[in-house]
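To keep things clear, I will list the structure first and then write my remarks on it.
Residue numbers (this note's numbering): 168 to 375.
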């Protein structure tokens, strides 16, 4: 079973949610969940070799291998658990991931059915099933985060989102998480404004 590709992302189609990952001249079609759109676009623009963490599954009708790509191991491992929920399956699960996985995991831990039901293809009944199967089983992803109760609002600033996306992109470029976080913080400390993702990544890479 393939666990990761070290390759270059090309032909990213955010409408179809697919990209080609070129590994030693071989093009693999990989499905990219919507939450990882900016990550995939950044890697395509950089044309650098990156590690794409892979969930592999076989189609029912012809057993052809299909791939879903993720920025890091934790998000892939969440997906492994997510697809095991009855009536989900890999394709439906991938289509549902329109929000950051950490937010979805927090909604599961909080028992927030309305937040889960708003994901594409989920709905009220399946949201209840997801909570029943996964609540209390996501410690590996949520360790160190603060889980709010379901009636509290969860607000993430644009600056924090850009910072997190930049760290994920750098990890895909073979930085360790510690190196990526340190590089992003150093780049941010040199400006009084909040740069967009592309500007922040260029600033980090220019410093290397």
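From the three backbone atoms N, C-alpha and C, an ideal C-beta is built for every residue, glycine too. Just so you know, these numbers come straight off a predicted model, no measurement behind them.
Opening and closing residue of the alpha helix (DSSP H) in which residue i lies
i, result
"residue 196", "Looking at the DSSP string, residue 196 is not in any alpha helix (DSSP H); the run it does join, the beta strand (DSSP E), is 193-198."
"residue 218", "No alpha helix (DSSP H) contains residue 218, which is instead part of the beta strand (DSSP E) from 217-225."
"residue 296", "290-301"
"residue 171", "First-last for residue 171: 171-180, but that is the beta strand (DSSP E), not the alpha helix (DSSP H)."
"residue 245", "240-250"
"residue 186", "Unbroken run through residue 186 is the beta strand (DSSP E), 185-190; no alpha helix (DSSP H)."
"residue 384", "Summary: the structure shown does not reach residue 384, with the chain confined to residues 168 through 375, and so no result is reported for it."
"residue 208", "204-213"
Supposed contact pair residue j and residue i - C-beta distance, whole angstroms, cut 8 Å
i, j, result
"residue 276", "residue 305", "6 Å"
"residue 173", "residue 190", "7 Å"
"residue 261", "residue 170", "About 17 Å separates the two Cβ atoms, so there is no contact after all."
"residue 264", "residue 274", "Actually they are not in contact, since the Cβ atoms of residue 264 and residue 274 sit about 12 Å apart, beyond 8 Å."
"residue 185", "residue 196", "6 Å"
"residue 176", "residue 217", "7 Å"
"residue 269", "residue 308", "7 Å"
"residue 252", "residue 296", "6 Å"
Nearest candidate by alpha-carbon position, reference residue i, set the options
i, options, result
"residue 188", "226, 234, 205", "234"
"residue 288", "373, 366, 257", "257"
"residue 420", "335, 338, 330", "What is shown of the chain runs 168 to 375, which leaves residue 420 out entirely."
"residue 271", "236, 168, 238, 298", "298"
"residue 207", "296, 365, 295", "365"
"residue 221", "214, 212, 209, 238", "238"
"residue 214", "336, 348, 293, 168", "336"
"residue 212", "369, 375, 291", "369"
"residue 266", "251, 259, 253, 286", "286"
"residue 223", "247, 210, 209, 241", "247"
"residue 375", "351, 363, 358, 362", "351"
"residue 349", "360, 363, 367", "367"
Per-residue burial, residue i [other beta carbons within 10 Å of its own, 16 or more giving buried]
i, result
"residue 371", "buried"
"residue 236", "buried"
"residue 353", "exposed"
"residue 279", "buried"
"residue 332", "buried"
"residue 226", "exposed"
"residue 345", "exposed"
"residue 310", "exposed"
"residue 316", "Reliability of the predicted coordinates at residue 316 is poor, the pLDDT of 32 falling under 50, and the value obtained from them is presented with this limitation in mind. Flag for residue 316 reads exposed."
"residue 292", "exposed"
"residue 183", "exposed"
"residue 343", "exposed"
"residue 294", "buried"
Unbroken beta strand (DSSP E) run spanning residue i, endpoints
i, result
"residue 234", "232-237"
Chain C within 8 Å of residue i, Cβ atoms only
i, result
"residue 188", "Chain labels in this structure do not include chain C; a single protein chain is all it has."
Could you name each continuous beta strand (DSSP E) segment of 3 residues or more that falls completely within the segment 331-357, going from the start of the chain to the end? If only uninterrupted beta strand (DSSP E) runs of at least 3 residues are considered, none is enclosed by the segment 331-357.
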